[in-house]
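Take a look at the structure set out below.
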Ligand code: HAM
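Residue numbers (the numbering used here): 668 to 1070.
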């Protein structure tokens, strides 16, 4: 039998590569305008780094990490995400001593042993960014504005949801209230959550089991327990987002699946995929917990495959245009093709020789949605004949009005 790729590990080829590069290129160009610097991190780290940062009692660490021993018996892991490695590098290279604050981004494969399905793989790619050393909510607003710009530049519709998880001051009271609530609901919780509710009750809030999800609907909300300074931080962030005209929705059930978060957390959720495509938040204690000086920090990561899937949906809806020149009209036809491309459309210019019928057969072969037929009459009148390839309907319209 011929060898196949490993389950959950996929090749990226054909048109998927174009979409992958488009997501990556768009994110890079937005990050560049915000003056983030690139860092290339290793794919393998000591497993302990992820246990100590993402948290022992999380799905990622308990169930999803690829952990192995090397020949010397060191316990290593394929990185499941990029924040922990960036923090490790920030401390290791004493970046905190070089500048008052630091803005980094990374791109590359991440590995999680999850059940594969559309948009969920065991090897997937993220482009992520982290800001170290800024306490002010302006940084939260900047990071969320970067997320918003990436989505907007790609033409992707996703709702940005935000929440605040509080800090060392206010989290304990919330944790206690949540624990008390969950202890009255034990019979409705899955086996994992019965033990989670003692060791890490917040994790129950993002359990994927239906019965747990139903149960936590009435659970106490983090925002009702925020101390004054967390409240002020969250309110200021919301004010800034409004000033920047960034639409957002508050979701008091949003807790995220990693333990390092404090205060602001956010996710961009795409309704058509019914999943999160970009996610992030603050982690003000992580640098110190991993051995660095106290340094507030925050960041986000884009799931490149998930955004690529959304781009594919958009392309399928919009379809391909094929411009068919017919007679001595090459210059005018090229101009029309360019106009369409400038409006963001995917356009093929037909170089196929032969009569109109042959060219339309070619358009069918390419699965074009519209044929833009341009003959000498059309050129003279400054119009095109637009043919809907599915219904066969066609009409003459002004070249500027095709889209
Ligand atoms: P995360 O929510 O675990 O956060 O992952 C971020 C994004 O990676 C998700 O929104 C999703 O698009 C993508 N992703 C996650 N798992 C998979 C998978 N199995 N297959 C395909 N795509 C996936 C983090 O990783 C944090 N490090 C984000 C962050 C940065 N927070 C602060 N700084």
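Note that beta-carbon positions come from the ideal geometry of N, C-alpha and C, so glycine has one too.
The beta carbon of residue 1017 lies closer than 8 Å to those of 989, 990, 991, 992, 1026, 1029 and 1030 in the same chain, with the five residues before and after it left out. Taking 8 Å as the cut-off, the beta carbon of residue 795 is found closer than this to the beta carbon of residue 772.
Membership of residue 898 in the alpha helix (DSSP H) is indicated by the continuous run 895 to 910. For residue 1063 and residue 950, the gap between their C-alpha atoms comes out near 58 Å. The ligand HAM approaches residue 750 closely enough that one of its heavy atoms is under 7 Å from the residue's Cβ.
Excluding residues up to 5 positions away in sequence, 703 and 798 lie with their Cβ nearer than 6 Å to the Cβ of residue 770 in the same chain. For residue 777, the uninterrupted beta strand (DSSP E) segment begins and ends at 769 to 778. Within a 10 Å sphere around the beta-carbon of residue 831 sit 16 or more other beta-carbons, which makes this residue buried. For a cut-off of 8 Å, the C-beta gap from residue 931 to residue 908 is around 11 Å, too long to register as a contact. For residue 735, the shortest C-beta to heavy atom distance toward the ligand HAM is 7 Å or greater. The ligand HAM has a heavy atom closer than 7 Å to the beta-carbon of residue 791. Taking 4 residues as the shortest admissible run, the stretch 788 to 851 contains the following complete alpha helix (DSSP H) segments, listed from N- to C-terminal end: 804 to 821 and 838 to 850. Bounds of the alpha helix (DSSP H) holding residue 863 are 858 to 866. Between residue 754 and residue 957, the gap from beta carbon to beta carbon is short of 8 Å. Taking the Cα of residue 888 as reference, the smallest distance to any Cα among 872, 878 and 725 is reached at 872. In the assembly as shown, residue 686 is a buried residue. Its beta-carbon has 16 or more other beta-carbons within 10 Å. Taking a cut-off of 8 Å on C-beta distances, the stretch 718 to 728 touches the stretch 913 to 929, as three or more cross pairs fall below it. DSSP places residue 720 within a helical segment (H, G or I) once states are collapsed to three. By the neighbour-count definition (other C-beta atoms within 10 Å, threshold 16), residue 732 is a buried residue.
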